[in-house]
Structures are given as structure tokens and as C-alpha cells.
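Residue 1 is where the sequence shown starts when you use full-length UniProt numbering, and the numbers rise one by one after that.
Below: one structure, written as C-alpha cells.
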Amino acid sequence: IEEGLPKIVNYQTIVFSAKPVNYSKYPLRKGDRFKCPHCPYSSNISTNFKHHMLTHTTERPFTCPVCGMGFIQKQNMKNHMAQHSKSSIFFQN
């Protein structure tokens, strides 16, 4: 098992690693098809591939300031925070 990568039993059973993913180990040149070494996922878009690789780790770079929940993508955190705003309406006098 390579250092920094999750331990894989199979692509449906993953033991997550807390270490960040080292993207330099994966092809990022234009025209390459990005294939996940841990599951059947593949993409032609490097950004999508990077986001996907985070699903195999416990790394969540975006954290909700209200409840501390972590997210892979900033937009997902923003969508989550909007739910806090909606629920706070019921608690206002």
C-alpha cells in the first residue's frame, strides 16, 4: 500500500486514510483519461478527478462555521449553510 493512499479492500469497501492525496502521482496532462486507482471512476476533466479522489480520504477542506461539518467542495458547504439560514427563521422572535 502506497503511503498517503487509502487501504482498499475492494472499491465498495474502503478504509479511509486521513492523509491528503498526492495528485502528482496521477496523470494530469491534457488529453489523458483520469482513472481512479481505487474504484471504476474515470474522467477526462482533472478537476472532477481531483474532487473524486477526495472521496477516498477523510480530507474535507471546507468546514461549516456553524456546525463544523466538512465538505469536499466549497459549493456543497454553501448549500449546506443555506439550510442553517432557513432553519434559523423558525427560532427568531
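Using N, Cα and C, we set each Cβ at its ideal position, and we do this for glycine too.
Please read these numbers as outputs of a predicted model, since none were measured by experiment.
Of the listed residues the options, nearest to residue i (C-alpha basis)
| i | options | result |
| --- | --- | --- |
| Ser85 | Phe71, Ile72, Gly70 and Cys64 | Cys64 |
| Phe62 | Asn48, Asn79 and Ser46 | Asn79 |
Distance between beta carbons of residue j and residue i, contact taken as under 8 Å
| i | j | result |
| --- | --- | --- |
| Ser42 | Lys50 | Their Cβ separation, rounded to whole angstroms, is 13 Å, which puts Ser42 and Lys50 out of contact at 8 Å. |
> Unbroken alpha helix (DSSP H) runs of length 4 or more, entirely within the UniProt domain "C2H2-type" (34–61): which are they?
Replying inline: Runs found: 46–54.
> If we count Cβ pairs, one from each stretch, closer than 8 Å, do we get three or more for the segment 68–85 versus the segment 51–59?
Replying inline: A contact exists between the segment 68–85 and the segment 51–59.
>> Please give me, in chain order, every unbroken run of the alpha helix (DSSP H) with length at least 4 that falls completely inside the UniProt domain "C2H2-type" (62–89).
In response: Counting whole runs of 4 or more residues, the UniProt domain "C2H2-type" (62–89) contains the alpha helix (DSSP H) stretches 74–88.
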